[in-house]
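Structure, as C-alpha cells:
Numbering (this note's numbering), first residue to last: 359 to 558.
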C-alpha cells in the first residue's frame, strides 16, 4: 500500500464494502438504509469491479489504476441506471423533460469508461462480448414480459410474453441483469497495455 497509496487504500475500502454488504445480506438486509437504501448486492458488485480493475492494471501507475477503477465503476453504475430509466418509456418521445435531463446526465457519466479505451487498456474481449449479448437478451426478456418491478409486479408496458413473475423472480431478473453487465465490464481491462510499458 505504501508504493501505491491511492489504489491500496481504495482497494481496502472496496474489500470492507464487500464484507459489509455480504454481512447485510446474511442478516436479511437486502437494502442498506445508511446508503439511501442501495441494494446490498450493488455495493458488492462495485467493490468486486473496483478490485478487478486494480488487479488488471497493477502494472500501471498508482494514479492511472485509480482513475481507471473510478471511471469504470461509476460508468458501470450509470450505464445500468440509464438503460433502466429508458426502459420505463422505451420510446424517447414519451419521456418527460425532467427525466430526459436525468437520462442525458446518466448517459454522459456512463461514457467515463471510454477513459480505459483512450488509454489503450480496454478492449471488447470475447468474454465481454458474450456477457454483453447475455445482458441484452435478459433485458429484452424483461421488457417483453412488461418490465415488472418489485414495487409493481404488473409491469409498465404491454407484455409480449404473458408471464406472471413473482416478487422473487422479478428481483432475480433485476439482480441478474446487473450481474451480467458487471461481468461485461469486468472483462474489458487488459493488463497487456501496461505490461508492455513496464520496465523489465
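Glycine residues also receive a C-beta, built at the ideal position from the N, C-alpha and C atoms.
These numbers were taken from a predicted model, which means no experiment stands behind them.
Please classify residue i as buried or exposed, where buried requires at least 16 other C-beta atoms within 10 Å of its C-beta.
| i | result |
| --- | --- |
| residue 391 | exposed |
| residue 367 | exposed |
| residue 506 | buried |
| residue 404 | buried |
| residue 431 | buried |
| residue 418 | buried |
| residue 374 | exposed |
| residue 459 | exposed |
| residue 509 | exposed |
| residue 426 | buried |
| residue 524 | exposed |
| residue 484 | exposed |
| residue 448 | exposed |
| residue 389 | exposed |
| residue 540 | buried |
When DSSP labels each residue in this structure, what does residue i get in the three-state scheme?
| i | result |
| --- | --- |
| residue 554 | Bear in mind that a pLDDT of 48 at residue 554, under 50, signals an unreliable position, so the model cannot answer this. |
| residue 510 | strand |
| residue 480 | strand |
| residue 547 | strand |
| residue 376 | helix |
| residue 448 | coil |
| residue 527 | helix |
| residue 518 | coil |
| residue 475 | helix |
| residue 505 | coil |
For residue i versus residue j, is the C-beta spacing smaller than 7 Å?
| i | j | result |
| --- | --- | --- |
| residue 503 | residue 516 | no |
| residue 546 | residue 468 | no |
| residue 538 | residue 475 | no |
| residue 481 | residue 379 | no |
| residue 514 | residue 446 | yes |
| residue 542 | residue 489 | yes |
| residue 500 | residue 452 | no |
| residue 496 | residue 535 | yes |
Could you tell me which residues DSSP pairs with residue i in its beta bridges?
| i | result |
| --- | --- |
| residue 576 | Lying before the first or after the last residue shown, residue 576 is absent from the chain, which here runs from 359 to 558. |
| residue 363 | According to DSSP, residue 363 bridges with nothing at all. |
So does residue i have its beta carbon nearer than 6 Å to some heavy atom of the ligand ADP?
| i | result |
| --- | --- |
| residue 488 | This structure lacks the ligand ADP, and indeed carries no ligand of any kind. |
- Message: If we require 4 or more residues per run, which alpha helix (DSSP H) segments fall completely within the region 405-460?
- Response: 420-445
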